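What follows is one structure encoded as structure tokens, with my remarks underneath.
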Amino acid sequence: MSKSTERTELYAVADFCLIPMGTGEPSVGEYIAECHKVLERSGLPFEMHGYGTNLEGPWDQVCKVIGDCHAAVHGQGAPRIATDIRIGTRTDKEIAAGTGNDGKLKRVQEILARETTRA
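Rendered as structure tokens:
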């Protein structure tokens, strides 16, 4: 492969919110539980929160897992799904697997702690 067509796998730090629609019920917990099973099987680091999921790993795997969540939730009977996705990548520094989201949070906490000690 020539240098111009060579592709380096990007490490992706993502946050996504999958919203089942047209289910006839206000609660979507059963559908999200199915998505959680998909995330666990993926082996990628993830953390669910009240309005979405942090997920990280190689770009192609992150995108595949989000697609797999869609397939699983459709398989549970949801006729429509809307998903908001934010994905960040960096090429200016190495991110150790599983530390992307934690690193972002730690950086902010360090800044806040520094400001607290100055006050």
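Last residue of the sequence shown? That's 124 in my numbering, and every number before it is there in order. Just so you know, even glycine gets a beta-carbon here, dropped at the ideal spot from N, CA and C. Since this is a predicted model, take the numbers as computed values, not measurements.
Secondary structure at residue i, three-state DSSP: helix, strand or coil?
i: TYR36; result: helix
i: ALA77; result: helix
i: THR88; result: strand
i: LEU44; result: helix
i: ILE24; result: strand
i: GLU115; result: helix
i: GLU120; result: helix
i: GLY93; result: strand
i: LEU49; result: coil
Using 8 Å for Cβ pairs, my map puts residue i next to residue j. What's the rounded Cβ distance?
i: GLY105; j: VAL18; result: 4 Å
i: ASP20; j: GLY57; result: 6 Å
i: VAL78; j: TYR36; result: 5 Å
Does the Cβ of residue i have 16 or more other Cβ atoms within 10 Å, making it buried, or fewer, making it exposed?
i: LEU60; result: buried
i: GLU120; result: exposed
Counting beta carbon pairs with one atom in the stretch 77-92 and one in the stretch 22-41, are three or more of them shorter than 8 Å? Touching, yes.
Pair every Cβ in the stretch 89-96 with every Cβ in the stretch 44-54, then say whether three or more of these pairs are closer than 8 Å. no
Within the chosen definition, does the stretch 37-47 reach the stretch 109-116 through at least 3 CB pairs nearer than 8 Å? no
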